[in-house]
Every structure is written in structure tokens, then in C-alpha cells.
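Taken in order, these protein sequences are the chains called E and W. With numbering that gives the first Met the number 0 applied, the first sequence covers 0 to 262. With numbering that gives the first Met the number 0 applied, the second sequence covers 0 to 262. Input: a single structure, listed below in C-alpha cells.
2 protein chains.
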Amino acid sequence: MSERTIRLDLSYDGTDFSGWQRQRNARSVQEELETALAALHGHPVEAIGAGRTDAGVHARMQTAHFRTDLPSIPGDRFRLALNRFLPRDIRIQESREADPDFHARYDARLRSYRYFIEPSRECPPWRARYAWHLRRRPDLGSLNAMASSLIGETDFTAFSSARDPAENRYRYVYSASWRYEDGQAVFEISANAFLWRMVRSLVGSMVEYEGEGRDPSWMREVLESRDRSRAGSTAPACGLFLWNVEYYRQPTRSSRYGDDFSD
Amino acid sequence: MSERTIRLDLSYDGTDFSGWQRQRNARSVQEELETALAALHGHPVEAIGAGRTDAGVHARMQTAHFRTDLPSIPGDRFRLALNRFLPRDIRIQESREADPDFHARYDARLRSYRYFIEPSRECPPWRARYAWHLRRRPDLGSLNAMASSLIGETDFTAFSSARDPAENRYRYVYSASWRYEDGQAVFEISANAFLWRMVRSLVGSMVEYEGEGRDPSWMREVLESRDRSRAGSTAPACGLFLWNVEYYRQPTRSSRYGDDFSD
């Protein structure tokens, strides 16, 4: 019997997860999803995600795929079938049959993240789980001048972790900008892929440099130094959302950057 | 020693509360606030709120007052002092010394509420606590035509509860309208005061009538009938936020509507 490949678009509240990736003695999104898949199939099924979000990071839209030997369920019905088994903090938004060799991680063309900062004296309680509470209102002019130096193909060593196993630390950033939305400062960044904790390191550093009154050209200097010790602190996980993952309509495997830690 | 009156503006996540008002064997916002006030004062202190929000209803901005005999704390420092004793789902946003006879409920000139509807097939998990998940996208044209008939001084008996002790069921609605914001349908209404569950009854009814394809003039007909059996079902508490409370700069007690159940 031939297997089909099913693509899932899912969202989750990362608060109570140790991250996307399955690991010992910790609750992960991948594990919950694979538990639901096993319940549906009667045997283990592996789920592969586009981005390995870190502990506490949310996903508005994460993409994953798995292979199924269940002939009776149409691709678009896996959404309902899986949501019945999944906990409330994970929801499949859409499911469909994909090209047989579709791969959620390797075929992704672009990932976007949004980072939310609540710049108020006291954090409104319903925002505390989904934003970094900063007790001042950062200046967008300065932040956007810094963000503009991220665009293009750049070596992000300075904003990556020594623990990240990636050898190639160049990433191609398509867009990076700040805006105020509904009282919050929102950073949006799209790239072909990300290094581990790269977005949180960028956000933490930009906000720190802005608070210190540094000239925005400092961002470019730190990037070019490739020196991790010059980066600022890492912004908290709760403010970060994997916002979207995009694919080529015709899947290719030509990407130079096969891997993505996405946070 | 003379007592001072302190005004508090506070926000809370209503999810884990039985509502504003203190009651036996249930966790209320008023009780948590009075527990913090007692810890600070060393004796019981009563807190009075502008609106008695119902179980599960949130507050972006609720106003309350209390009288203090502590001479050493300036009005604007009660915020920090109380937040230290309060649980994370209640935050004082601002505190200040008010006119000695300021009364948070009786002096309020206007209350506004916002109701959030998430009109998607599957609810994003981080919105589930703060919106009514409706599996269709309601039409704003029809909803706004219905909302327009709420404006002015109207007898809201049809959208009130038989359990509400209010004798006078006229309320003055200043504004009432729907819009889409960030993918959600948002209803905003401002009035001098509200009857118990009035906003949720209005929202549930408008959405129900719109879904049934009724002519928007139906809203006016139901209002004029004063017949509770013609109202639709009550929308869930989680979508409702007490958004703002406004006061006269010169407090008066001339209001015809001293009481407010605010939900």
C-alpha cells in the first residue's frame, strides 16, 4: 500500500512546552503531535517541522509533515481527526495531501517571526504570556535604523550561540522592521532560515543598544565583528511567534541552508 | 488621623476569577484586592469597583477606590505597594489620591466594553482565553446596522436578565459599533451604565440574528418588545473586556443610574 505525505499548518501556545523538538522528560510539541498521530494510526509516526522553536516560543503558523498509510482519511480531514487527540494548546489549522516527497524543513523557502514588546509600566495580565514586558517605550527610529542593516546575506555569528552546530552562519534576511501596533512594539523579520536564538539575540541587542543611546551603525559594526561577546542579552522567549513559513510552489532541494533552528 | 481616598486603575485576566464581586467559596478580584489592602494596612479595607464584571470577564481598565489611614504612602506609590501583594493575574496600572468623597461606582460617567470574536475554523491557542471562537465570519454591514439601533436612551429589558435587581432598565448608549481588527470582529460599546449580562446578551443576539439572515430592523423590534424570550443566547464571558471607565472632572452624584453590573 502506498504512503501519502500530509502537510499540516499548526499553531501553538509555547508557554507550557519545552519547544518543538522531542526530548527526554519534557513536554514538546513534536511529542504531543506524534502521540496524536500514533493514536490515529495505531503505530508510531514521525512528524517533521519547518522550524525547531525553542522553549516558550509560540507559533502562529508552524508547518509540519508526516507520512501516512491510512487510505481512508482524505488529506483535509486530518485536521479534525488530529485536533480531537491534541491538547488545547496545539491546534491544527489546516491539513492537506502534499507532493509525496514534500519536506517541511528542507523545502521551506522563507520563515517569518514576529517579536512583541509590551512597553508599559505594568504588564496587562492577558499579555504577560505573549510579550516581553519592557518598562519603557523604545524609539522606533533608532530600532529601524539598526534593523535595516540586517537585510541581505549576512554572517550572523555575532548573534548566534556557540552551542548552535550550524557551520554556515550566513542567512539571507528579506525584511526586518519595527512598528507600533495596538500599543506594542512589534519586530518582524523574514529570512530563508535562522540560527538558534538568532531572533531573540537580535531583539535583545537592538533594544539594549537603543536604550544605551548607541548610534544605529553599531549594529553593522557588531555584525561585522562576528564577535558574540558584543551582542546584547537574549530577549525572553514569550514574546516570540513563528509567524509564517513559505514554500516554493515547485519544491526544490537547492537551498544552501537545509537546517533551521528558528529561534 | 484623617483618611484619604485612593483611586486605582487596574487590569485583570478574568479567566480564573468568579468575577469582580466578593462571594463565598470563590476567588474574586475584589477579595484578592482586599486581601492585599489588608496585608498593607494591618486591618480590613473595603475596595469598591466601578463595574461588577461577571465570572470570566476581563478588565483592561477597571477603576476602584478605597479609604486609607496610612499617612506614609503617597497616592501614586500604592501601585507598587499593592502589586507586590497581588497575584499575577491582577495588576494595578495606576494609583493616585482622589477627592475625599470620590466613589468609583457612583461617580462614573461612562463605561466602555469591547467584545472580541475570533472568526476562524480553529482557534489559535493563544487567543482561546480572550475571544469567542465563532466558526464563521460575521458580516459587519448587518451587525453595524443592528448596533446603530442601540444608540441613545433605551429600555434594555429585552437584553437583561430576570435575575438583575435593577428597577430602571433604561441605559444611555453613547456609541456601539463593530469592526474587524487584527483578524477579529470587535464590538465596542460605551454607555452611562450597563445591566447584568447586557453586553453579552447584545453580542450573542446580534451574531445570532445576523447568522439567521434577519433584517437588521429586527434589533429595534426586539428592543421595543421588552420581551426577554426574543433575545438570542448570551455570548461567552471570555470575549468580554471592561475597556475603560470615565469620570466627570467635577464629581457629581446627579446620575440617574447609580448602579452598574457591567456585564
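The C-beta atom is built at its ideal place from N, Cα and C for all residues, glycine as well.
Counting C-beta atoms within 10 angstroms of its own C-beta, E:P124 has 16 or more neighbours from the protein chains shown and is therefore classed as buried. The C-alpha of E:S94 lies about 16 Å from the C-alpha of E:A58. In the DSSP annotation of this structure, the continuous segment of the alpha helix (DSSP H) that includes W:L32 starts and ends at V28 to H40. Here E:G151 has Y171 and V172 as same chain residues with Cβ atoms under 8 Å from its own Cβ, once five neighbours each way along the sequence are excluded.
The closest CA to that of E:R227, considering only E:E121, E:H102, E:T4 and E:F155, is found on E:F155. Contact of W:A127 with chain E by beta-carbon distance below 9 Å involves D12, R87, D88 and R90. With contacts defined by Cβ atoms closer than 8 Å, E:W217 and E:S160 do not form a contacting pair. In the structure shown, W:Y246 adopts extended strand secondary structure according to DSSP, grouped into three states. Pairing W:G50 with W:Q61 gives a Cβ-Cβ distance under 8 Å. At a Cβ-Cβ threshold of 8 Å, E:I116 and E:G238 count as neighbours.
Going by C-alpha positions, E:P235 is about 14 Å away from E:V185.
For W:Y179, no alpha helix (DSSP H) encloses it; the enclosing beta strand (DSSP E) starts and ends at Y169 to E180. For E:Y112, the uninterrupted beta strand (DSSP E) run begins and ends at A107 to E117, by DSSP. Those residues of the stretch 113-126 of chain E placed with their C-beta closer than 8 Å to a C-beta in chain W are S119, R120, E121, C122, P123, P124 and W125, ordered along the chain.
In the three-state reduction of the DSSP assignment, E:S204 falls in the helix class, which pools H, G and I.
At a beta-carbon threshold of 7 Å, none of the residues of chain E lie near W:N24; the nearest stands roughly 23 Å away.
The three-state reading of DSSP puts E:V44 in coil, since its state is none of H, G, I, E or B. For W:A80, no beta strand (DSSP E) encloses it; the enclosing alpha helix (DSSP H) starts and ends at F77 to F84. Within the same chain, L194 and W195 come within 6 Å of E:D163 by CB-CB distance, once the 5 residues on both sides are set aside. Look at W:R59: its C-beta is under 8 Å from a C-beta on chain E. Taking 8 Å as the cut-off, the beta carbon of E:L133 is found closer than this to the beta carbon of E:V206.
E:D15 sits in a helix when the DSSP states are folded into three classes.
At a cut-off of 8 Å, the C-beta of E:N82 has a neighbouring C-beta in chain W.
For W:T233, the secondary structure class from DSSP, reduced to helix, strand or coil, is coil. W:H42 counts as exposed, since fewer than 16 other C-beta atoms from the protein chains shown sit within 10 angstroms of its C-beta.
Per the C-alpha coordinates, the member of E:D68, E:Q20 and E:R128 positioned closest to W:R87 is E:R128. The beta carbon of E:R126 lies closer than 7 Å to those of E117 in the same chain, with the five residues before and after it left out.
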